[in-house]
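Only one structure is covered here, and it is reproduced in the block below.
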Amino acid sequence: MTATTPGGVSLPDATGPSDRDALRNKLLLLGVAVVALLIAGVGYLFWASGRAEEDLATREARAQEAIEAFETEPDLGAAVVDESDEVEPSPEDSTTDPETATEPLLGDGEVLVVNRVPGDDYGRLAVRHVDGTRTLLERRCLRVHIAADRGVCLARDEAVLVPAFRTEFFDLSNPDLPALRSYSSPLPSRARMSPDGVLATATSFVSGSSYADIGGEAETIVTIDEVDNRRALVGLLQFEVLADDPRYNAADRQFWGLSFEDNDRFWVTGFFGAEPELLRGSVSRRTLELVEQPGSCPSVSPDGKHVVFKETLPGLEEYALVLIDTETGAQRRLGESRSVDDQVEWLDDDTILYALHPEGTEDAEAGTVQPQFDIWMLDIASGAEPELFLPAADSPAVLQP
Amino acid sequence: MGRMADTGYVYPSVRSAPERVAAPAEHVPKRVLSQNLLALGFTSFFTDISSEMVLAVVPLFLTASLGFSIVGFGLFEAAYQGTNAVFRIWGGAIADHRQNHKRTAATGYAISTATRVGLVISTFVAAIPAVPFLLADRIGKGMRTAPRDALISLSTHPARLGTAFGIHRSLDTAGAVLGPLLAFVILDQAPGQFDAVFVMSAIAGVIGVAIIVTFAQEKPQTVPKPTNRPAILAQWREVLSVPGMKGLALGAAALSAFTVSDAFVYLIIQRTTDMSARYFPLLFVGTALVYLTTAVPVGRLADRVGARPVFLAGHICLVVLYLLLGFGELGLVVSLLALGLLGGYYAATDGVVAALASRLVHAPVRATGIALITVVIALARMVSAGMFGLLWQTQGRAEALTVYVIAMVAAIAVGYRCIPSDLSARAET
């Protein structure tokens, strides 16, 4: 064959002149078709990109509107000041540059949140002042929690184009919130510090992304770290559940949503094939005990007297918030009628904070690129009604005294 | 003279022992590139861009790329491979039966491309779910694989099959690397607009189909078709009676039954190192880059020393890989080395086994033969994934890998005994 087409530069199979012409025509046709298709594709991409920008702008405007309405609400300041006895009126306004601040980042009654205003500032940490205004910080987190002078931040890893995440520990005593150390992690979901800031825990999805899919496609891991140590301390799968039934220690058990009582004891969600249930554990002993209470994402109050958790409503992918008295075991549903898929945070011993999608947008928000959340506040006294704590924000983190 | 390629290379007609293939090859062409190889290579390139683009952004894959649950992964792999296997066998059989490899392969590519259009529609019409289209894509993929490989082999001199498949796999893998990259660039430009990804994917798919339809040519056999074409079952009997075929199937099955799937390899690297999860998506890219750069030289090597030793050497790479993963200190260097070994394994097996099967099986039932071998490998890997997941979970990583090291060494011995040598089947260079 090589002998018949010496030095042939055309494609090997086209040997006759007419074949070559035909091939050239076909190649030309293909080239034209490819160029036309690519032009169409790039055009479509521009259109889609425009749609994305438009969508973002609309949602940003809506969030700003909600913030303005909230900040001008007259009784707002009072509602918050109530919770923190003698708050001096903050002299700083929302434009204060955190770098020039010499005092602690969080003053009395101030709460760290994740900003959820769609746009460039989405995901930045922010200080929620007592008057309901916010100061944006440089650090970005998907989920944040703080205690003493430390914080844990579950963040998007910006170094790679594809989705990747990091668990970062930061120094809260420095207003720049510099990282102490960090490591890569799967899709973040929950973060907690122990009250003294020594231990930190993170729940991540290693597969799936929804607690509703636990037992099916979704799988979570819970890690506990000593913030000052170099490596992740322990995964909860290495803990032994103190129960006779072998299913509690089967390989496919799952844990998520840990909340520390102190430097050792904690509450957590476990799933052993049927429905999520609450457990109490000890870090030092590496053990877990059954609480005999279905529920998930427990959160222990600062005084340790109460735990609020999510009760799964039968047949629905919806959750009700339930309060449990840790001494008597008495429990009752809290005055929140909407479905809360969050591990609540305690503003003080009697008040919880949690995030919800803005009203009426629950389904729409779930599928968007920068989903919006509002933080709500609820007194645990019976008969109390939820109040808006901060619009366009998520993951409240309170520095307990 | 005219269309030399159509008369092609002289294949022994029926039931030839491999030795007979060598006889008519007085001269071996230097050139491996044929119009069909180029057409099929670029079709695969664009089709892989198209399909990997979609897979990269489908939530299922998105979460999967962050790490499967151990047992759950095995199950997913099983379902995925199962669909693929059924349609691969069917595609191979139909293509041989009708002697229309190009048409069958092109149909498979067209089905997959049509599913992208379906995906675009499903993003706008809520009532139309995306999942059936994703499954239909697997059907198209299964259907086209064996006829395409058969067509490559029928368009290439037997002595250059390793190189030819190496070239094809390089182009194919290059597309698989570019696809996800393009997808994430698109989503970066138009956040949340998945339809833009699907439209671009459809465009890449259409280009792929256009190339195979326009430029690939059917390769009728040199021997006249038997007047009564064998029924599909008879084709199967014929393939199984090819000397060395059962040995190749057995050897490939034994080796593949202890092949840890790459997702497990990535998962082990991710879970045992602090730093690597950040590079998790890059693990795939790293492996693919090694594969696509080594596929051609390794294919040439297979043409020179025979496909069997190269195929076995690929599995020796796996033994070293298992030892590294089980007992090595997994830092950046060892992780990179692991990716190199995994990429080398692919380069030394995927295209090489297609070349080996092509040299063994005579032209009229070639697609059936290739389908048989690749399906045997796929099924054995499926079993392997399940076994490894179970072992990992119940016994631990090092223990599971120890079992696999021992089993793989044994399988290599089995492979050495069972897999026929194709040294005599390739012509002297």
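Protein chains in written order, with the working numbering: chain A, 770 to 1170; chain B, 71 to 499.
Don't be surprised by glycine CBs; every beta carbon is placed ideally from N, CA and C.
Nearest to residue i by CA position, among the options, is which residue?
i: A/P755; options: A/D918, A/L1159, A/P1140; result: This structure cannot settle anything about residue 755 of chain A, because the visible part of chain A is limited to 770 through 1170.
i: A/A826; options: A/A895, A/V886, A/A802, A/L911; result: A/V886
i: A/G901; options: A/Q1141, A/I836, A/N943, A/L875; result: A/I836
i: B/N534; options: B/A433, B/A408, B/F458; result: The shown model of chain B, from 71 to 499, leaves out residue 534 of chain B, and the question about it has no answer.
i: A/I1144; options: A/Y980, A/F1158, A/R1101; result: A/F1158
i: B/H167; options: B/L471, B/G456, B/T438; result: B/T438
i: B/L224; options: B/D265, B/S326, B/V435; result: B/V435
i: B/G384; options: B/D373, B/I338, B/L325, B/G398; result: B/L325
i: B/L107; options: B/R239, B/F334, B/C488; result: B/R239
i: A/D994; options: A/A838, A/T972, A/E829; result: A/T972
i: A/R1101; options: A/R1054, A/A1153, A/S942; result: A/A1153
i: B/R378; options: B/G232, B/V187, B/I222, B/S104; result: B/G232
i: A/S1053; options: A/V921, A/L1005, A/V913; result: A/L1005
i: A/L1092; options: A/E1086, A/D926, A/E988, A/V1076; result: A/V1076
i: B/G369; options: B/D332, B/S331, B/A417, B/G413; result: B/A417
i: B/V330; options: B/G485, B/V390, B/V98; result: B/V390
i: A/E1105; options: A/T1120, A/F1035, A/E1096, A/P1140; result: A/T1120
i: A/N998; options: A/E988, A/G966, A/F1024, A/I990; result: A/G966
i: A/L946; options: A/K1074, A/R961, A/R893; result: A/R893
Between residue i and residue j, what straight-line distance do the alpha-carbon atoms span, to the nearest angstrom?
i: A/N1032; j: A/R950; result: 20 Å
i: A/L911; j: A/P957; result: 7 Å
i: A/N884; j: A/L906; result: 9 Å
i: B/L257; j: B/M270; result: 11 Å
i: B/L110; j: B/A286; result: 7 Å
i: B/P313; j: B/I386; result: 26 Å
i: A/K1079; j: A/G876; result: 30 Å
i: B/Y361; j: B/P250; result: 17 Å
i: A/Q1007; j: B/A126; result: 32 Å
i: B/L509; j: B/L352; result: Any property of residue 509 of chain B remains undetermined from this structure, which presents chain B solely from 71 to 499.
i: B/D492; j: B/P367; result: 18 Å
i: A/A788; j: B/P217; result: The amino acid occupying residue 788 of chain A in the given sequence is Asp; Ala does not appear at that position. Approximately 25 Å between the Cα atoms of the pair.
i: A/F839; j: A/S1164; result: 18 Å
i: B/S311; j: B/A333; result: 36 Å
i: B/G317; j: B/A266; result: 48 Å
Taking buried to mean at least 16 other C-beta atoms within 10 Å of its own C-beta, is residue i buried or exposed?
i: A/S1028; result: buried
i: A/T992; result: buried
i: A/V801; result: exposed
i: B/I237; result: buried
i: B/P88; result: Its pLDDT being 43, under 50, B/P88 is placed unreliably in this model, and the value from its coordinates should be taken loosely. Under this definition B/P88 is a buried residue.
i: A/D1094; result: exposed
i: B/K100; result: exposed
i: B/F194; result: exposed
i: A/L797; result: exposed
i: B/P94; result: Unreliable positioning characterises B/P94 in this predicted model, as indicated by a pLDDT of 45, which lies under 50. The coordinate reading is nonetheless provided below. Flag for B/P94 reads exposed.
i: B/G421; result: buried
i: A/A809; result: exposed
i: B/G281; result: The sequence as given places Ile at residue 281 of chain B; Gly does not occur at that position. With 16 or more other Cβ atoms within 10 Å, it is buried.
i: A/A1020; result: exposed
i: B/I164; result: buried
State the beta-bridge partners of residue i as determined by DSSP.
i: A/Q1023; result: A/F1040
i: B/W462; result: DSSP, once it has assigned bridges, lists no residue as partnering B/W462.
i: A/F934; result: A/R925, A/S954
i: A/M962; result: A/A969
i: A/E1156; result: A/M1146
i: A/P1079; result: It is Lys, not Pro, that sits at residue 1079 of chain A in the sequence shown. A/S1065, A/L1090.
i: A/D824; result: Answer is none; A/D824 lacks a bridge partner.
i: A/G1004; result: A/T992
i: A/S1051; result: A/R1034, A/T1056
i: A/G920; result: A/I915, A/F939
i: A/T904; result: A/V896
i: A/D1163; result: A/V883
i: A/Y1123; result: A/W1145
i: A/V1010; result: A/L1057
i: A/W1115; result: A/I1121
Just to check, is the beta-carbon of residue i closer than 8 Å to a non-hydrogen atom of the ligand FAD?
i: B/A272; result: Summarising the ligand content, the structure contains no ligands, and the ligand FAD is consequently not present.
Is there contact here, the region 356-371 of chain B with the region 474-483 of chain B, by at least three beta-carbon pairs under 8 Å?
no
Three-pair Cβ contact test at 8 Å for the region 181-188 of chain B versus the region 107-121 of chain B
yes
Does the region 433-451 of chain B come close enough to the region 270-281 of chain B to have 3 or more Cβ pairs within less than 8 Å?
no
Does the contact criterion of 3 or more C-beta pairs under 8 Å hold for the region 1064-1081 of chain A versus the region 1041-1049 of chain A?
yes
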